[in-house]
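Asks:
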Amino acid sequence: MERPLTQYIQANKPPMNLSEYEKVGGYKALHKALKEMKPQEVQKLVLDSNLKGRGGAGFSTGTKWSLIPMGENAPAEKYFICNADEMEPGTFKDRLLLEGNPHQLIEGIIISAYAIQANKGFIFLRWAYKKAADVILKSISEAYSAGYIGNNILGTGFNFNLYLHRSVGRYICGEETALLNALEGKRAIPRAKPPYPNISGLFGKPTTMNSVETLSFIPHIVNNGATWFKDLSITGEGGTKIYGVSGKVKNPGAWELPLGTTIREIIFEHAGGMKNGFTLKGFLPGGASTDFLTEEHLDVNMDYASLGKVGSRLGTGTMIILDDKTCPVGMVHNLEHFFAQESCGWCTPCREGLPWVEKILFSLEEGTGRMEDIDLLLFHAKHLAPGRTFCALAPGAVEPLQSSLKYFRDDYIKHIHDKRCPWR
Ligand SMILES: Cc1cc2nc3c(=O)[nH]c(=O)nc-3n(C[C@H](O)[C@H](O)[C@H](O)COP(=O)(O)O)c2cc1C
Ligand code: SF4
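Using the working numbering, read the sequence shown as starting at 1111 and increasing by one per residue.
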């Protein structure tokens, strides 16, 4: 089984430095793209590969790149941004790539910038990733010394400068347009769209943004082609995926597997199944802001279309397990506490609704909940749905809430009848 992204990443080993990366073919793709391909040819290759953004929304990367103005009449200044904010609870896949193979990401960013003809780029990094910051800074400096970043890269006339920006540490900074505001030194609130960032992004210039996992694929697609990439996946959606599992499993962690691997294989083979004494009750398949699924969904393929059909999302592809010894209401309360705290406060339904949801869940856990609270929670889930708020934070926040009311309703009712949390 091919694992292009993680083949050279080993636990507890230092990241590859530049010469180690070059020894295994690193920066060959950069030579190929800059010397043998036109920018639009790189765009077309990525479009044909069917690569979908791994940051959560699953938008086609090639399509996104094709929306950037190109040619003589395009603005001279354009930006390419790598979103390395990774603050989704339960998600830790980008950290593996940032700390494990930084040059793979940097090579991916330079090729992507070339594809849209951007001369300046930023890696927007989660504030807590201090080790990754050191690794990335050292690797950027190595890439400058080797002439892979800077002016006239590889003698081709292409200029590109890359900077590391460390976030101040709010979840909303990971949202594309809030990130742009944060980079500009403004309050990190999402922007109204249109105009979309491809037309007016960072400092009003055309900007493209992709996540760490998405960009780390680019050198491999350039080296091996679109068909190779498509064939890596089980269900035809293209590529591999870094899946993760956290919770009461024997072997929590992250593994690169073909996109479309079944949930059963991920939990029971790679994560080793449930720890002794714990039974699987449910799981959030793609990070904290996706809908719960249960045992009946174990044979579903972990890909965009299959998870959509059963009412959830691939999200970041990192699962959080709910076991039988953990209260589902308590778990959802914990998540909603995070989302309420991280609401940027820009729009009323989210600013007022999420703290209200959190309060109701707290009262249910404390044994003071009422039967009407179930309907009230459903009311909030409805009014925080997509299209009702300014950005996707609130709709994502209510996904675990609404699905817990669907699958674990009896547990909510037991809290109300018994006037206490049955797990305490
Ligand atoms: C609240 C919120 C937080 C987000 N956090 C991240 C993040 O940490 N990393 C990321 O790549 N995308 C994050 N996204 C998605 C980005 O807005 C954007 O879709 C993504 O960076 C695009 O990259 P991709 O096309 O490679 O997936 C977040 C979205 C929302 C609404
Ligand atoms: S949905 Fe929440 S996080 Fe998004 S803009 Fe509105 S208040 Fe801010």
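By construction, the Cβ of each residue, glycine as well, lies at the ideal position given by its N, Cα and C atoms.
1) Which word fits Ser-1255, buried or exposed, when buried means at least 16 other C-beta atoms lie within 10 angstroms of its C-beta?
2) Could you tell me the boundaries of the beta strand (DSSP E) in which Arg-1276 lies?
3) Nearer than 7 Å: is that true of the beta carbon of Phe-1500 relative to any heavy atom of ligand 1?
4) Have a look at Trp-1365, Cys-1437, Gly-1383, Val-1439 and flag the residue whose alpha-carbon is nearest the alpha-carbon of Thr-1539.
5) When you compare each of Ala-1253, Asp-1341, Arg-1530 to Arg-1113 by their alpha carbons, which one comes out closest?
6) Spatial neighbours of Arg-1461 within its chain, please: CB distance less than 6 Å, with the 5 preceding and 5 following residues excluded, ordered by chain position.
7) Is the separation between the beta-carbon of Gly-1231 and that of Leu-1272 shorter than 8 Å?
8) Use the C-beta contact count for Asp-1528: other C-beta atoms within 10 angstroms, 16 or more gives buried, fewer gives exposed.
9) Under 6 Å Cβ to Cβ from Met-1319, same chain only, skipping five residues before and after it: list those, please.
10) Any idea if Ala-1121 is buried or exposed, counting beta-carbon neighbours within 10 angstroms, 16 or more meaning buried?
11) Under 7 Å from any heavy atom of ligand 2, does the C-beta of Cys-1454 make it?
12) Alpha carbon to alpha carbon, what distance is there between His-1380 and Leu-1264?
13) Please check the pair Leu-1424 and Arg-1374, which I expect to be a contact at CB under 8 Å, by giving their CB distance rounded to whole angstroms.
14) Quick one: does the C-beta of Leu-1503 sit closer than 7 Å to a heavy atom of ligand 2?
15) Hey, could you find the ends of the beta strand (DSSP E) Trp-1365 is sitting in?
16) Hey, is the stretch 1302-1312 in contact with the stretch 1127-1135, meaning 3+ C-beta pairs nearer than 8 Å?
17) Mind checking whether the beta-carbon of Ile-1299 lies closer than 7 Å to any heavy atom of ligand 2?
18) Give the secondary structure of Asp-1409 by DSSP, where H, G and I count as helix, E and B as strand, and everything else as coil.
19) Assuming Pro-1179 and Pro-1316 form a contact by the criterion Cβ under 8 Å, report the distance between their Cβ atoms to the nearest whole angstrom.
20) Would you mind sorting Glu-1509 into buried or exposed? The rule is 16 or more other CB atoms within 10 Å of its CB.
21) Run through the DSSP bridge pairs and tell me what Asp-1433 is partnered with.
22) Tell me where the beta strand (DSSP E) around Phe-1232 begins and ends.
23) With 16 as the cutoff for other CB atoms within 10 Å, does Pro-1124 come out buried or exposed?
24) Please report the distance separating the alpha-carbon of Pro-1329 from that of Ser-1343.
Replies: This is what the structure holds:
1) Taking the first residue of the sequence shown as position 1, residue 1255 is located at position 145. Result: exposed.
2) As a working note, residue 1276 is residue 166 in the sequence shown. Note, Arg-1276: beta strand (DSSP E), 1268-1276.
3) Within the sequence shown, numbered from 1, the residue matching residue 1500 stands at position 390. No; taking the cut-off as 7 Å, the Cβ of Phe-1500 has no heavy atom of ligand 1 nearer than that.
4) The structure shown has nothing for residue 1539, since the chain only spans 1111 to 1534.
5) Walking along the sequence shown from the start, residue 1113 turns up at place 3. Of Ala-1253, Asp-1341, Arg-1530, the residue nearest in Cα terms is Asp-1341.
6) As a working mapping, residue 1461 is identified with position 351 in the sequence shown. Taken in chain order, the residues that qualify are Ser-1453, Gly-1455.
7) Position 121 of the sequence shown, counted from the start, is the residue given in the question as residue 1231. Position 162 of the sequence shown, counted from the start, is the residue given in the question as residue 1272. Yes. Within cutoff.
8) The count along the sequence shown starts at 1 and reaches residue 1528 at position 418. With fewer than 16 Cβ atoms within 10 Å of its Cβ, Asp-1528 is classed as exposed.
9) By one-based count along the sequence shown, residue 1319 stands at place 209. Result list for Met-1319: Ile-1191, Asn-1193, Glu-1286, in chain order.
10) In the sequence shown, residue 1121 corresponds to position 11, counting from 1. Its Cβ having fewer than 16 others within 10 Å, Ala-1121 is exposed.
11) On the sequence shown, position 344 is the one that residue 1454 refers to. Checking every heavy atom of ligand 2 against the Cβ of Cys-1454, one is found closer than 7 Å.
12) The residue you call residue 1264 lines up with position 154 of the sequence shown. The residue you call residue 1380 lines up with position 270 of the sequence shown. For Leu-1264 and His-1380, the distance between alpha carbons rounds to 42 Å.
13) Within the sequence shown, numbered from 1, the residue matching residue 1424 stands at position 314. Within the sequence shown, numbered from 1, the residue matching residue 1374 stands at position 264. Not confirmed; about 16 Å, so no contact.
14) Reading the sequence shown from its first residue, position 393 is the one you call residue 1503. Yes, the beta carbon of Leu-1503 sits closer than 7 Å to at least one heavy atom of ligand 2.
15) Along the sequence shown, one-based indexing puts residue 1365 at 255. Per DSSP, Trp-1365 belongs to the beta strand (DSSP E) from 1363-1368.
16) no
17) The count along the sequence shown starts at 1 and reaches residue 1299 at position 189. Yes, ligand 2 has a heavy atom inside 7 Å of this Cβ.
18) Within the sequence shown, numbered from 1, the residue matching residue 1409 stands at position 299. Residue state, collapsed to three classes: coil.
19) Walking along the sequence shown from the start, residue 1179 turns up at place 69. Walking along the sequence shown from the start, residue 1316 turns up at place 206. That belief holds up - the Cβ atoms of Pro-1179 and Pro-1316 are roughly 6 Å apart, short of 8 Å.
20) Your numbering for residue 1509 matches position 399 in the sequence shown. Counting Cβ neighbours within 10 Å, Glu-1509 comes out buried, since at least 16 surround it.
21) Taking the sequence shown and counting its residues from 1, the one referred to as residue 1433 is at position 323. The partner list for Asp-1433 (beta bridge, DSSP) reads Leu-1390.
22) For this step, residue 1232 is matched to residue 122 along the sequence shown. Run containing Phe-1232: 1230-1235, per the beta strand (DSSP E) assignment.
23) By one-based count along the sequence shown, residue 1124 stands at place 14. Pro-1124 is exposed by the Cβ-count criterion.
24) Along the sequence shown, one-based indexing puts residue 1329 at 219. Along the sequence shown, one-based indexing puts residue 1343 at 233. For Pro-1329 and Ser-1343, the distance between alpha carbons rounds to 18 Å.
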